[in-house]
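>
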RNA sequence: CGGGAAGUAGCGUAGCUUGGUAGCGCGCAGCGUUUGGGACGCUGAGGUCGCGGGUUCAAAUCCCGCCUUCCCGACCA
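Residue numbers (the numbering used here): 422 to 890.
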């Protein structure tokens with residue numbers, strides 16, 4: 422197996438190499454489509470599981486809406502259709518004949534879900550209505566990249582209806598912080614900046630968009646998740662109304678929010694190194710791999726017992742007994758796959774009563790008594806988790822530059838390969854246009870202390886400027 | 001969709017300038033020897049040279065069109 426391109430030599434090539442060599446995904450036969458292979462899908466299932474738990478804890482329920490949406494639905498909200506029409510896939514034929522009304526393959530489900538919310542919601546007693554769906558969506562992409570931007574991708578999209586604007590806003594922010602930020606920071610070990618999108622970067626049809634922005638190891642920003650406050654735009658167009666306790670017919674206030682398979686791209690690019698993936702233990706489908714050094718029944722029995730004990734201690738463990746393949750090859754392969762802890766089991770371990778454990782994040786090796794493995798490994802996993810978050814945090818801090826003028830910010834973001842921060846009052850819509858000329862965008866707006874700006878006057882905010890995926 | 005680069009076995013590539021019927025490395029299969037950081041030997045399988053058309057006695061090679069991938073832009077989770 423040939424080695425992967427180094428990050429420094431060519432970051433995009435490194436990214437491609439990692440995806441193919443770790444067998445995460447392949448390109449599909451139709452441009453922009455992707456085949457997610459078992460290891461990649463295992464990661465997605467871990468992401469789904471963790472998020473689903475948090476989404477349900479936030480009160481939302483899962484449901485499923487159709488893939489095909491009447492084209493006319495999209496046209497009901499003008500900004501929405503303007504935003505999406507260039508990237509729609511439209512079905513014009515079915516059952517061997519031309520359809521009376523073309524159906525679009527959902528690029529997102531705001532419209533169809535609203536059509537049903539309008540039907541289901543009558544009274545303030547029906548609110549809030551909190552729905553989530555796990556689905557695939559299609560947006561015809563001009564420049565696809567595996568996980569980051571594919572024509573078809575998997576995601577969850579939450580859609581909620583509320584009795585007041587404040588409640589809707591609070592819920593959009595609750596999802597952003599308690600579901601997305603919490604998951605990204607504590608499970609993915611990716612520190613994210615939560616902030617508000619500028620008008621230019623907002624979701625088509627939203628009144629406010631809130632975002633989680635992560636920094637990748639090439640210094641570029643990646644939008645990892647968004648939560649939108651939709652106001653009453655969709656409810657006005659779809660006639661989604663409820664009666665208040667006073668008997669007044671009122672349009673609901675809504676939110677929508679989503680994260681996608683793009684998170685796999687974030688995971689790869691936020692933590693990966695020249696040896697391949699580095700998976701945070703909380704997320705890793707395999708947390709510990711036990712490598713049997715040579716074919717021997719005592720070694721195998723000891724390894725099996727260790728695996729059993731670790732499983733009972735709650736670790737996700739796999740045994741590598743493929744002694745036919747050389748030791749070096751196997752080690753390289755497990756490093757490539759990013760498994761956080763590797764335990765080596767061979768004659769030496771039997772003789773000394775110690776096992777060798779190797780940590781993927783720092784590539785350090787330690788020797789510990791076999792008998793303490795079950796207590797040490799879970800602690801090690803936890804310290805790797807914290808170490809990776811800390812490392813990602815330092816990397817981001819080292820690549821974040823305060824600036825005072827627009828030119829200064831642009832230069833620092835480009836030269837320093839990272840984020841530049843500058844008072845939003847120095848940028849504005851005109852400034853965003855100028856930044857775009859050098860390939861930069863305002864990723865989001867935050868308060869001066871970096872927290873989420875809720876209902877604050879824009880003039881006091883700080884803009885995060887960066888190149889973005 | 002605009003600008004650039006490239007498509008030859010699963011992957012990486014030679015051959016193309018100067019047309020003559022495809023080679024190498026890795027990987028893969030079988031057998032044997034190995035086994036603590038990408039093992040070795042022997043044997044073997046695997047190719048519509050991206051697709052379509054044209055020129056020619058003859059095309060991987062020359063010409064035209066298209067498709068795909070990567071990079072840079074515009075668009076986006």
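Backbone N, C-alpha and C fix where the C-beta goes; we use that ideal spot for every residue, glycine too.
With DSSP run on the structure shown, which of helix, strand or coil describes residue 453?
If DSSP states are grouped into helix, strand and coil, residue 453 belongs with coil.
> In whole angstroms, give me the CA-to-CA distance for residue 800 and residue 774.
Roughly 20 Å between the two C-alpha positions.
> Short check: CB of residue 873 to CB of residue 615, under 8 Å?
Contact: yes.
> Given a threshold of 16 other Cβ atoms within 10 Å of its Cβ, counted over all protein chains shown, does residue 422 qualify as buried or as exposed?
Low local confidence applies: a pLDDT of 42 at residue 422 is under 50, so the model's placement there is unreliable, with the coordinate-based value given in what follows. By the 10 Å Cβ count, residue 422 comes out exposed.
> Taking one C-beta from the segment 460 to 471 and one from the segment 437 to 447 each time, how about it: are there three or more such pairs within less than 8 Å?
Verdict: yes, contact present.
> Give, in chain order, every unbroken run of the beta strand (DSSP E) that is at least 3 residues long and sits entirely within the segment 442 to 515.
446 to 448, 455 to 457, 489 to 491 and 510 to 515, all fully within the segment 442 to 515.
> Who are the near neighbours of residue 524 in its chain, counting only those whose CB is closer than 7 Å to its CB and skipping five residues on each side?
If we look at residue 524 and ignore the five residues flanking it on each side, its Cβ neighbours are 489, 490, 491, 492 and 512.
> Please look up how many angstroms separate the CB atoms of residue 835 and residue 634, rounded, as I've assumed it's under 8 Å.
Actually they do not touch by this definition, with Cβ atoms about 17 Å apart.
> How many Å lie between residue 611 and residue 815 at the Cα?
Looking at the two C-alpha atoms, the distance is approximately 11 Å.
> What does the alpha-carbon distance come out to for the pair residue 889 and residue 746?
The straight-line gap from Cα to Cα measures roughly 41 Å.
> Is residue 707 near residue 737, with beta carbons less than 8 Å apart?
Cβ distance < 8 Å, so residue 707 and residue 737 count as in contact.
> If I measure Cβ to Cβ from residue 739 and keep anything under 7 Å in the same chain, skipping five residues before and after, which residues do I get?
Around residue 739: 707 and 710.
> If we call anything under 8 Å between Cβ atoms a contact, is residue 429 one with residue 483?
No, they are not a contact pair.
> From which residue to which residue does the beta strand (DSSP E) around residue 648 run?
642 to 652 is the extent of the beta strand (DSSP E) around residue 648.
> Grab the span of the beta strand (DSSP E) containing residue 677 for me, first residue to last.
From DSSP, the beta strand (DSSP E) with residue 677 extends over 674 to 681.
> Compute the Euclidean distance between the alpha carbons of residue 556 and residue 642, then round it to the nearest angstrom.
Answer to the nearest angstrom: the Cα atoms are 25 Å apart.
> Secondary structure at residue 752, three-state DSSP: helix, strand or coil?
Note: residue 752 maps to helix in three-state DSSP.
> Taking 8 Å as the cut-off, decide whether the C-beta atoms of residue 693 and residue 820 are in contact.
Not a contact, by the Cβ cut-off of 8 Å.
> For residue 583, tell me which candidate among 500, 673 and 618 has the shortest Cα-Cα distance.
Comparing Cα positions, the closest option is 673.
> With DSSP collapsed to three states, give me the class of residue 850.
If DSSP states are grouped into helix, strand and coil, residue 850 belongs with the helices.
> According to DSSP, is residue 541 part of a helix, a strand, or is it coil?
DSSP places residue 541 in helix when its eight states are reduced to three.
> Mind checking who residue 822 pairs with in its DSSP beta bridge?
Its beta-bridge partners are 841.
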